[in-house]
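A short write-up of the structure that comes next.
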Amino acid sequence: MSALVYLPNSMSQSSLGLVKGFLTTLALATLASCGGGGGDVVSSGGGGGSTSLNFSSPWAGINLAAPNQLPAPSAGQGSGGIAAGANYASEVGAENLAAVPQGGRFNPNYASDTPKKSARLAWGTYWLDMSDKREATAIVLNWLDQPLPSNVWIGLANWDKNRWAWRKISSLNKVTPPNSLDPYIRDSDNMLACTILVIGADPAVLDTVATNQSGDTPPPEADGLLNENAHLGINLGTVDDWNPTTVFTDVFKTSKTWIPQDVVGGPWDNGHAINVDSNGWVTSLDPGQAVIAVMMTNMVGVYPEGNYTCLYDGDGTIEFTLNASVVSAEPGRLIVHVESDGTIGLRITSTNPADYVRNIRLIIPGYENTYETQVFHPDFLASIDEFNVLRFMDWGWTNTAQVEDWSDRTKLTSSTQTRSESAGVCLEHMIDLCNTQLADAWICIPYKATDDYVQKAAALIQARLDPHLRVHIEYSNEVWNGVFQVANYARDKGLSAGLSTNAFQAQMRWYSQRSQEIHTIFADAFVDEPERLLRIVAGQSTNPWVGTTVMDWDGTAGEVDDTNVADRFDHYAAAPYFGNSLGLEPQASITATWTMEQLLTACEAESLAATGPGSSTESNANNATTRGITLISYEGGQHLAGVGPAVNNDDLTTLFTAANRNEGMRQLYLDHMRRWSAAGGGLFVAYNHVGIYSKFGSWGLLENQNQDPETAPKLQGLLDWVGELTAAE
């Protein structure tokens, strides 16, 4: 599945501050207008002054006409009537694009230090005559002076939907949409319109735009895997009503499960049973009974205020409460005004058992016509664009999920995607997000999952994940950690199987053995493309013995064998955190009295102990490499949180929260990552994306998805590290 994103004809971008540090995503948020020409071009089209806009932004100051408002591409019309094969020329519509002897020179002005008001993209629209090329499957770009792949987007005009479908280019030379180019070819004249958009600070020259059936530009080689040299990944936070992200354009996907109430009066939760179908929709209500679902809680500055569209099937009575009210109503469709603090609830007070209320959707303003194809909100996508690997441990509520059989899982049709008590977000959404972002997936298999579940999950991932992407497969999460349910589960399994008389050793050997069983099932699904499967086994970062115990256990033979580890696993994963001990008593009481300078100095010392010379990271890397595999991280970063009694130490919480916002944390992260690399660590999957800072920790790189990344020192430190590695390659 290719990463094409349909965008509405008009919307406001509420997260312009996210742009610096996420430059490739700015293209998605500020996509430009049209003009230009090249190989296979009939004429270049203008778009200035259009009243129907795809996007407009003060950052770029340019607008994109809806496809049906583009000028006719007939010869002699448009901007200069460019004939097929002619050099680039344009009179209107293009931005920072100039004619050169062999095509068009894109000259964007978007360096990281460019003032916001001066930043500009470069773009141009190319018309392709597809009269004899309707079977073409790809668009071929012939660059004379190449830009960075991460700086280029292509937009294809979808004439039926009157929208642009955008994709960040993964290969500079070849763009392959899903299935074929046919949906983008206008039936009336066999024309295809594509807009090439370039950001960054360096110029690029595009000679021709053709198709893979054009004789003058041979198709390039296959794209291959996109993230083989990825440095940075991210753990996504939980999907729920209170996490400050707009993951979906349909807000109801993030609702709590139904809470039973009385129609009039009564407690918030009266504890009565609720009758639901297999997807969680309420099938009937007892006399006087109502149910409520809370969809967003205290989402100030995250969800926009305005009129949302509520769609539903069935016959019943729906009302909105808390900070939302119905503006207008007709069967199956309500217009609901959501106030700025964004805490809203939906109540069903009556439903017809023969045609019960179901398939409820609450659509963010501007997405009613596109929510089915544009599932993920652009602001959310923008906030994760710098990450090449997405770990879904928290999306799947791995530490609490009670999934055993395939029928237990969350589905696309489930009433909510939260289901924290059981399953979390469905696999389909996880895969589709990776396809949209062209990021590799990291999937954690529920600890009670049967072999049948694993087989079906493997088949789904293999078939649905973009063939240029890989999947990291890990059994559960932190099986070594006694805090989580899986630890006792694995201990009991290991002791019952007689894997050791030592309970912890039996626990870790059984974890290794179950991991191997799951990896074998996935290997069968990926038998024709084994390079796309990455078999992960993880351990306790500060205890290298855990790693060697897990790596060396040959589950098939039932014995220790460190000579064939690479036959079982591809990566050993650890979590290089720093600052853990500073929140433990009796140290926590002392820490709470420190200045910021003292705290940051102590964090530096802990980071050095975790990743510096002679550290556990160095030992873990050596243990992995001598066994033929590599060390990566499944989590990592600062770990400033009160533990036990210290969790309620307000002075400690205030200090830790301030430290996570302090500019000194940027240098701490950069130094931590430099040492991680020097010690032999590879891919680093940070913990985590977005999280509200509290006494339980300040885990998020961002405090909400719309935070200006310049004010997020942990994120900036990670990006500084990636920049250094990229410059050295």
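Each residue of the sequence shown is one higher than the last, beginning at 284 in our numbering. Glycine included, C-beta positions come from ideal geometry on N, C-alpha and C.
N- and C-terminal bounds of the beta strand (DSSP E) containing residue i
| i | result |
| --- | --- |
| ILE542 | 542 to 545 |
| TRP406 | 405 to 412 |
| THR909 | THR909 -> no beta strand (DSSP E), and no H or E assigned at all. |
| PHE967 | 967 to 970 |
| ALA421 | Counting along the chain, ALA421 falls outside any beta strand (DSSP E), and DSSP gives it neither H nor E. |
| ARG944 | Premise fails: ARG944 lies in the alpha helix (DSSP H), 933 to 944, not in any beta strand (DSSP E). |
| THR494 | 487 to 494 |
| THR915 | Rather than Thr, the amino acid found at residue 915 in this sequence is Ile. It spans 913 to 916 - the beta strand (DSSP E) in which ILE915 sits, taken as one unbroken run. |
| GLY386 | 386 to 389 |
| ASN441 | 435 to 441 |
| ARG815 | Careful: ARG815 lies outside any beta strand (DSSP E) and carries neither H nor E. |
| VAL383 | 380 to 383 |
| HIS922 | That residue, HIS922, is in no beta strand (DSSP E); it is neither H nor E in DSSP. |
| GLY589 | 589 to 596 |
| TYR855 | 854 to 857 |
| VAL672 | 672 to 674 |
Residues near residue i in its chain [Cβ-Cβ closer than 8 angstroms; skip 5 each side]
| i | result |
| --- | --- |
| ARG949 | PRO996, LYS997, GLN999, GLY1000, ASP1003 |
| MET791 | VAL762, TRP763, ALA773, GLY777, GLY822, VAL829, THR832, VAL833, TRP836 |
| ILE912 | MET834, VAL848, ALA849, PHE852, ASP853, HIS854, TYR855 |
| LEU938 | THR874, ALA875, TRP877, MET879, LEU882 |
| ASP934 | ALA875, THR876 |
| ASP735 | ASP688, TRP689 |
| ASN771 | GLY765 |
Distance between beta carbons of residue j and residue i, contact taken as under 8 angstroms
| i | j | result |
| --- | --- | --- |
| LEU629 | MET578 | 7 angstroms |
| GLU588 | GLU622 | 6 angstroms |
| THR537 | VAL522 | 6 angstroms |
| ASP599 | ILE575 | Reading off the sequence, residue 599 comes out as Gly, not Asp. Going by Cβ atoms, the distance from GLY599 to ILE575 rounds to 14 angstroms, so no, they are not a contact pair. |
| ASP723 | LEU752 | 5 angstroms |
| VAL585 | PHE603 | That pair is no contact at about 18 angstroms. |
| ASN558 | THR681 | The Cβ separation is near 29 angstroms, so there is no contact. |
| LEU515 | VAL820 | With a Cβ gap of about 21 angstroms, LEU515 and VAL820 do not count as contacting. |
| SER414 | GLY563 | Actually they are not in contact, since the Cβ atoms of SER414 and GLY563 sit about 50 angstroms apart, beyond 8 angstroms. |
| TYR970 | ASN518 | 5 angstroms |
| ILE756 | ARG818 | 6 angstroms |
Limits of the alpha helix (DSSP H) - the one that residue i falls within
| i | result |
| --- | --- |
| PHE663 | 661 to 666 |
| ASP523 | Here ASP523 belongs to no alpha helix (DSSP H), and DSSP marks it neither H nor E. |
| ARG957 | 947 to 961 |
| HIS802 | 786 to 808 |
| GLY1006 | 996 to 1011 |
| THR874 | 870 to 874 |
Own chain, CB closer than 7 angstroms to residue i, minus 5 neighbours either side, in chain order
| i | result |
| --- | --- |
| ALA786 | ARG774, LEU778 |
| VAL737 | ILE728, ILE801, ILE804 |
| THR940 | TYR976, SER981 |
| ALA904 | LEU914, ALA962, GLY963, GLY964 |
| GLU868 | GLY927, PRO928, ALA929 |
| LYS978 | GLY925, VAL930, ASN931, THR936 |
| GLU1007 | none |
| ALA808 | ALA741, ALA742, GLN745 |
Nonlocal neighbours in the same chain, by C-beta distance under 6 angstroms from residue i, ignoring five residues either side
| i | result |
| --- | --- |
| LEU695 | CYS709, GLU711 |
| ALA390 | According to the sequence as given, residue 390 is Asn; it is not Ala. Same-chain partners within the cutoff: ASN379, ALA405, PRO486. |
| ALA369 | Confidence is the limiting factor: at ALA369 the pLDDT is only 34, short of 50, which leaves the residue's position unreliable, though a coordinate-based value still follows. So no residue of the chain qualifies. |
| THR1009 | none |
| LEU464 | ALA419 |
| ALA607 | VAL619, VAL621, ILE627 |
| GLY862 | CYS886, GLU889, GLN921, HIS922, LEU923 |
| ARG958 | THR894, GLY895 |
| PRO501 | Any answer about PRO501 is weak, because its pLDDT of 41 lies below 50 and its placement is not dependable; what the coordinates show is given next. So the list is empty, once near-sequence residues are dropped. |
Any non-hydrogen atom of the ligand NAP closer than 8 angstroms to residue i Cβ
| i | result |
| --- | --- |
| ASN906 | Of ligands this structure carries none, so the ligand NAP is not represented either. |
Output the residue ranges of the beta strand (DSSP E) runs that lie fully inside the region 599 to 668 and measure 3 residues or longer, sorted by chain position. The qualifying runs are 599 to 605, 607 to 613, 616 to 621, 627 to 634, 641 to 646.
At 3 residues or longer, what runs of the beta strand (DSSP E) sit wholly inside the region 689 to 728? Listed in chain order, they are 723 to 728.
Three or more C-beta pairs below 8 angstroms linking the region 899 to 913 and the region 949 to 965: Result yes; three or more Cβ-Cβ pairs closer than 8 angstroms.
The region 535 to 549 touching the region 674 to 682, judged by at least three CB pairs closer than 8 angstroms: At 8 angstroms Cβ cutoff, the stretches do not touch.
Flag this pair as touching only if the region 686 to 694 and the region 644 to 661 have three or more C-beta atom pairs under 8 angstroms; answer yes or no. By the criterion of at least three beta-carbon pairs nearer than 8 angstroms, the region 686 to 694 is not in contact with the region 644 to 661.
Secondary structure, alpha helix (DSSP H): runs of 4+ residues fully inside the region 822 to 848: Entirely contained in the region 822 to 848, the alpha helix (DSSP H) runs reaching 4 residues are, in chain order, 827 to 835.
Which ranges would you report for the beta strand (DSSP E) in the region 541 to 587 if only whole runs of at least 3 residues count? If only uninterrupted beta strand (DSSP E) runs of at least 3 residues are considered, those enclosed by the region 541 to 587 are 542 to 545, 565 to 567, 572 to 579.
Can you list, in chain order, the stretches of the alpha helix (DSSP H) that have 4 or more residues and sit fully within the region 718 to 779? Segments of the alpha helix (DSSP H) lying fully in the region 718 to 779: 734 to 747, 768 to 779.
Report the start-end ranges of each beta strand (DSSP E) in the region 443 to 482 that is 3 residues or longer and not cut off at the edges. Here the runs fully enclosed are 446 to 451, 474 to 481.
Runs of alpha helix (DSSP H) lying entirely within the region 878 to 902, each at least 4 residues, in chain order: As far as the region 878 to 902 is concerned, its whole alpha helix (DSSP H) runs of at least 4 residues are 879 to 894.
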